[in-house]
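**Q** Got a structure here, written out as structure tokens. Questions coming.
In the UniProt record's numbering, the protein residues as written are 1 to 303.
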């Protein structure tokens, strides 16, 4: 199996993640550290600290984001099963063994919670067993999957890839739609919240990124929206609003207005209703971009 660890300037914490994999009860694995163009000497540190041939190091030519680092690791992976691990988190000793036990029962994905620093658990709250896809898709903790344990068969992943930052849940839902999912209720990892993490750091407003994320989110809603409306209409409203904002910034007024209207219909909060009305103004894309620029200035002034 392949454990993929993306990292950016995390050498002070990377040993914790790597050490947790090396301490597994299941020892048949490779570790792929994908360095997202770190400037803290990660390569030299890794070479000095570890001689284990199961640890592979790959460096991206320029800083590209955690989603690109994960995809690169996926292309390099030799294992028949895949686990992604953030560079500042840890796997508990039996994680890989428990995950493999589930996959051997003819499942393509195994998910389990991580334990947070405060003792609470991430992700789902249910009993062990097969997790129907509709439950996986609509669980209230949808966005928490990225902070949980997930082991996947390579064949289940197929050509699914991470498409944008902070939209990890879309990757997991698309894989989950193609295979059987097994849920383990016991925590299989430790989730540490730290300010400099690739996935947890606060980012400056980025127009291009906002537009890209909106398009990815819109495609996801086109794919799974009817299921969400039937089972979690409020959740659909939340994501439809997010897609609408980015699409309006991109000037795609037709799709932006459609998602804005559906957001207000499925979750009639004042904010969504007002946004739906705003999106139909003649100059709404220009006004939206102006508002985004103001937000960016305010962010810069707060630093």
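Idealized CB from N, CA, C, for every residue including glycine.
1) What does the alpha-carbon distance come out to for the pair residue 273 and residue 36?
2) For residue 110, which residues does DSSP report across the bridge?
3) Pairs of beta-carbons, one from the region 262-282 and one from the region 234-251, closer than 8 Å: are there three or more?
4) Nearest to residue 110 by CA position, among 23, 281, 14 and 182, is which residue?
5) Inspect the beta-carbon positions of residue 176 and residue 220 and report whether they are closer than 8 Å.
6) Relative to the alpha-carbon of residue 131, which residue among 107, 116, 218 and 156 has its alpha-carbon at the smallest distance?
7) Distance check for residue 83 and residue 188, CA to CA, integer angstroms please.
8) Compare the beta carbon distance of residue 2 and residue 30 with 8 Å and say whether it is the shorter of the two.
9) Find the nearest neighbour of residue 150 within the set 133, 217 and 81, judged by alpha-carbon distance.
10) With 16 as the cutoff for other CB atoms within 10 Å, does residue 283 come out buried or exposed?
11) Can you tell me whether residue 129 is helix, strand or coil according to DSSP?
12) Keeping to the same chain, check which residues put their C-beta closer than 8 Å to that of residue 138; ignore five residues upstream and five downstream.
13) Let me know if residue 39 comes out buried or exposed under the rule of 16 or more other beta-carbons within 10 Å of its beta-carbon.
14) Among the candidates 185, 33 and 251, whose CA atom is the shortest distance from the CA of residue 124?
15) Pairs of beta-carbons, one from the region 113-121 and one from the region 40-48, closer than 8 Å: are there three or more?
16) Let me know if residue 301 comes out buried or exposed under the rule of 16 or more other beta-carbons within 10 Å of its beta-carbon.
17) Please report the distance separating the alpha-carbon of residue 289 from that of residue 25.
18) Is it buried or exposed, residue 179, if we count other Cβ atoms within 10 angstroms and call 16 or more buried?
19) Given a cut-off of 8 Å on the beta-carbon distance, is the pair residue 76 and residue 52 in contact?
20) From the DSSP output, read off the bridge partner residues of residue 2.
21) The alpha helix (DSSP H) that contains residue 262, what's its start and end?
**A** So, from the data block:
1) Mapped onto the chain shown, residue 273 falls at position 273. Mapped onto the chain shown, residue 36 falls at position 36. Roughly 41 Å separates the two Cα atoms.
2) Indexing the chain shown from 1 puts residue 110 at position 110. Its beta-bridge partners are 151 and 182.
3) yes
4) The sequence position of residue 110 within the chain shown is 110, counting from 1. Out of 23, 281, 14 and 182, 182 has the C-alpha closest to the C-alpha of residue 110.
5) Position 176 of the chain shown holds residue 176. Position 220 of the chain shown holds residue 220. Cβ distance not < 8 Å, so residue 176 and residue 220 don't count as in contact.
6) Along the chain shown, read from residue 1 onward, the residue named residue 131 stands at position 131. The candidate whose alpha carbon is nearest that of residue 131 is 107.
7) In the chain shown, residue 188 corresponds to position 188, counting from 1. In the chain shown, residue 83 corresponds to position 83, counting from 1. Cα to Cα, the separation comes out at about 12 Å.
8) For the purposes of this step, residue 2 is taken as residue 2 along the chain shown, with counting starting at 1. For the purposes of this step, residue 30 is taken as residue 30 along the chain shown, with counting starting at 1. Yes.
9) On the chain shown, position 150 is the one that residue 150 refers to. Comparing Cα positions, the closest option is 81.
10) The residue you call residue 283 lines up with position 283 of the chain shown. Exposed: under 16 other Cβ atoms inside 10 Å.
11) By one-based count along the chain shown, residue 129 stands at place 129. If DSSP states are grouped into helix, strand and coil, residue 129 belongs with the strands.
12) Reading the chain shown from its first residue, position 138 is the one you call residue 138. So the qualifying residues of the chain are 227, 228, 231, 232 and 235.
13) To locate residue 39, count along the chain shown from 1; it is residue 39. Residue 39 comes out exposed.
14) In the chain shown, the residue the question calls residue 124 occupies position 124. Of the candidates 185, 33 and 251, the one whose C-alpha sits nearest the C-alpha of residue 124 is 185.
15) no
16) Taking the first residue of the chain shown as 1, we reach residue 301 at position 301. With fewer than 16 Cβ atoms within 10 Å of its Cβ, residue 301 is classed as exposed.
17) Taking the chain shown and counting its residues from 1, the one referred to as residue 289 is at position 289. Taking the chain shown and counting its residues from 1, the one referred to as residue 25 is at position 25. Taking the straight line joining both Cα atoms gives about 53 Å.
18) For the purposes of this step, residue 179 is taken as the residue at position 179 of the chain shown. The residue in question, residue 179, is buried, as its Cβ has 16 or more Cβ neighbours within 10 Å.
19) Here residue 76 corresponds to residue number 76 of the chain shown, with the count starting at 1. Here residue 52 corresponds to residue number 52 of the chain shown, with the count starting at 1. Cβ distance not < 8 Å, so residue 76 and residue 52 don't count as in contact.
20) Counted from its first residue, the chain shown places residue 2 at position 2. Answer is 30 and 82, bridged to residue 2.
21) Counting from 1 along the chain shown, the entry for residue 262 is found at position 262. Taken as a continuous stretch (DSSP letters only), the alpha helix (DSSP H) holding residue 262 covers 253-266.
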